[in-house]
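Numbering (my numbering), first residue to last: 218 to 500.
Here you go:
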């Protein structure tokens, strides 16, 4: 996915939004027209060698049916245009782009898996509290990741257009979302990235920092380079929440409770497992 940067000549969010939506709609329109044309040719039983009316004659170029009568295949006859639905007035510049998702309509990139739920709502104005803003961004990033993993690339691009229409997300939180969409990396790559600060990421302790300190492990182990990785900030928050939720895999205890009396090696094993589960570390 292309990353917009502040020095791009088309950084204007409104212009990018319009370009993204127009490109996506053009792609979908081309696909629909191609399918209709293929179906029309099939229904018409097209034969390129069928006789046609000679040029410079009435109906010139049309196929000749029985008795020499020019005919037009039913599939190509003009259809009456349906009136526009009153619930959907024409889109105008400045309005938030509309997205209508029909889960099982085949599209380019649909891998035939389970239906994708509708994208979460994205307010054009920033919610008043930091917690509400964070929830909007987390839900948006999660939906985008699920859409891309399932192969719904067109819907993902349309949703990006919606996000870019919310200036407060682009101005502050777009690095969070881009970091969240990064594919899994090797442990060596995650450890090497610690020295390079990047917006939307945090330095994460494979063995939990506070829990390890309370258990008496020395700072040189907790803060050692082998225990530090740079990951998406949203993934960091997800993993922290995972550590404190009850988990059947650990006998109904939370991972943090399970590790309370465990040694360093066991804590490290669970920490690496968490990175794999959350799509940060390659298995």
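The C-beta atom is built at its ideal place from N, Cα and C for all residues, glycine as well.
Model, not experiment: these values are computed from the prediction.
Practice problem: Alpha carbon to alpha carbon, how far is residue 475 from residue 381? Give it in angstroms, no decimals. | Solution: So the two alpha carbons sit approximately 42 angstroms from each other.
Practice problem: Decide yes or no for the touch test of the region 376 to 396 against the region 352 to 365: beta carbon pairs closer than 8 angstroms, at least 3 of them. | Solution: Yes, since at least three Cβ pairs between the region 376 to 396 and the region 352 to 365 fall closer than 8 angstroms, the two stretches touch.
Practice problem: Give me whichever residues DSSP pairs with residue 447 in a beta bridge. | Solution: According to DSSP, residue 447 shares a beta bridge with 420.
Quiz prompt | Residue environment, residue 218, which counts as buried when at least 16 other CB atoms sit within 10 Å | solution = At residue 218, the pLDDT of 43 sits below 50, so the modelled position is not reliable; the number obtained from the coordinates is stated separately. Residue burial is scored here from C-beta neighbours: residue 218 has fewer than 16 other C-beta atoms within 10 angstroms and is therefore classed as exposed.
Practice problem: Using three-state DSSP, classify residue 402 as helix, strand or coil. | Solution: Note: residue 402 maps to strand in three-state DSSP.
Quiz item: In this structure, does DSSP put residue 489 in helix, strand or coil?
Solution: Residue 489 falls in the helix class under three-state DSSP.
Quiz item: Of the choices 386, 498, 410, whose alpha-carbon is the least far from that of residue 349?
Solution: Minimum Cα-Cα distance from residue 349 among the listed residues 386, 498, 410 corresponds to 386.
Quiz prompt | Counterpart residues of residue 498 in DSSP-defined beta bridges | solution = Answer by DSSP bridge pairing, in chain order: 402.
Quiz item: Smallest Cα separation from residue 488: which of 340, 439, 468?
Solution: For residue 488, the nearest C-alpha among the options comes from 439.
Quiz item: Under a Cβ-count criterion, where at least 16 other Cβ atoms within 10 Å of its own Cβ denotes burial, should residue 477 be classed as buried or exposed?
Solution: Classification for residue 477: exposed.
Quiz item: How close, in whole Å, do the beta carbons of residue 448 and residue 497 come, if the pair is a contact with beta carbons under 8 angstroms?
Solution: That pair is a contact at about 5 angstroms.
Exercise. Count the other C-beta atoms from every protein chain shown that fall within 10 angstroms of the C-beta of residue 462, then say buried if there are 16 or more, exposed otherwise.
Key: It is exposed - the Cβ of residue 462 has fewer than 16 other Cβ atoms within 10 Å.
Self-check item: Contacts around residue 446, its chain only, beta-carbon distance under 6 angstroms, and the 5 residues preceding and following it disregarded
Solution: Contacts found: 407, 408, 421.
Exercise. Hey, could you find the ends of the alpha helix (DSSP H) residue 347 is sitting in?
Key: Segment 347 to 367, the alpha helix (DSSP H) holding residue 347.
Quiz prompt | residue 452 versus residue 395 - alpha carbon distance | solution = Whole-angstrom Cα-Cα distance: 12 angstroms.
Self-check item: Below-8 angstroms beta-carbon distance, residue 467 vs any chain D residue
Solution: You won't find chain D in this structure, because it holds only one protein chain.
Exercise. With distances taken Cα to Cα, identify the nearest neighbour of residue 495 among 465, 470, 455.
Key: Nearest option by C-alpha distance: 455.
Quiz item: Candidates 415, 481, 450: which alpha carbon is nearest residue 437's?
Solution: The alpha carbon of residue 437 has as its nearest neighbour, out of 415, 481, 450, the alpha carbon of 481.
Practice problem: For residue 416, count neighbouring C-beta atoms within 10 Å of its own C-beta (all shown protein chains included) and say buried if the count is 16 or more, exposed if not. | Solution: Per the 10 Å Cβ criterion, exposed.
Quiz item: Excluding the five sequence neighbours on either side, which residues of its own chain have a C-beta within less than 6 angstroms of the C-beta of residue 419, listed in chain order?
Solution: So the list reads 450, 453, once near-sequence residues are dropped.
Exercise. Pick out whichever of 472, 405, 341, 393 has its Cα sitting closest to the Cα of residue 424.
Key: Out of 472, 405, 341, 393, the CA that lies nearest to the CA of residue 424 is found in 472.
Practice problem: Can you tell me the Cβ-Cβ gap for residue 333 and residue 372, rounded? I've got them flagged as a contact below 8 angstroms. | Solution: Right, the Cβ-Cβ distance comes to about 7 angstroms (below 8 angstroms), so this counts as a contact.
Quiz item: Taking the C-alpha atoms as reference points, what is the distance between residue 466 and residue 490?
Solution: Distance between the alpha carbons of residue 466 and residue 490: 12 angstroms.
Practice problem: Measure the CB-CB distance between residue 369 and residue 336 and report whether it falls below 8 angstroms. | Solution: Against a cut-off of 8 angstroms, the Cβ pair of residue 336 and residue 369 comes out as no contact.
Quiz item: At which residues does the alpha helix (DSSP H) containing residue 339 begin and terminate?
Solution: For residue 339, there is no enclosing alpha helix (DSSP H), as DSSP marks it with neither H nor E.
Quiz item: Given that a residue counts as buried once 16 or more other Cβ atoms are within 10 Å of its Cβ, and exposed if not, what is residue 353?
Solution: When all chains shown are included, residue 353 counts as buried.
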